[in-house]
Amino acid sequence: VSTLSVIQLMILWGANVNGRSQNLFLFQPLHLIATCSDIDIAKPIIELLLDQGAHLDCINARNELPQDLASDSAIKELLCPTRKLSLKCQCAQIIVSTKINYENCLPSNLSAFVRLHDNK
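Take full-length UniProt numbering: the last position of the sequence shown gets the number 120, and nothing is skipped along the way.
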């Protein structure tokens, strides 16, 4: 059974492609696959995660993008956040970078979205 098949099954059963690890690093799936050194394994997984709504601009607890963790140049290129940055993501980044207290001002679903772009 391939890693891709397992990930497809997890997504089918409701795994959150933007879910954060419950450790100090707050990694999301794109952060984890970014550390892969085999483009043949990483590329279909990255494409699957992006097709399912994973965010290229999500940051971990160290303010690192998935692209920052990639050592392979082809993987780094696939994870370039300017490739597919939506207006919604751009707004979330501005909210975080200007340190707007969004938690008490936005509906819970929007707060959760902005948190994807925050290292809290």
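Ideal Cβ placement from N, Cα and C applies to all residues, glycine included.
Contacting residues, own chain, Cβ-Cβ under 6 Å from residue i (five flanking each side not counted)
i	result
residue 25	60 and 61
Beta-carbon contacts of residue i that lie in its chain and below 7 Å, excluding the five residues immediately before and after
i	result
residue 42	33, 36 and 75
residue 102	95, 111 and 114
residue 135	The structure shown does not extend to residue 135, since the chain is modelled only from 1 through 120, so no value can be given for it.
Residue j beta carbon less than 7 Å from that of residue i
i	j	result
residue 116	residue 18	yes
residue 4	residue 45	yes
residue 66	residue 30	yes
Cα-Cα separation between residue i and residue j, rounded to whole angstroms
i	j	result
residue 85	residue 10	25 Å
residue 28	residue 64	11 Å
residue 90	residue 118	12 Å
residue 106	residue 92	11 Å
residue 53	residue 16	9 Å
**Asked** Taking one C-beta from the segment 67 to 83 and one from the segment 107 to 116 each time, how about it: are there three or more such pairs within less than 8 Å?
**Response** no
**Item:** Length-filtered (4 minimum) alpha helix (DSSP H) runs lying within the segment 64 to 99
**Value:** 66 to 69, 73 to 78 and 87 to 97
**Any alpha helix (DSSP H) of 4 or more consecutive residues that is wholly inside the UniProt repeat "ANK" (29 to 61)** = Scanning the UniProt repeat "ANK" (29 to 61) from its first residue to its last, the whole alpha helix (DSSP H) runs of 4-plus residues come out as 29 to 34 and 39 to 51.
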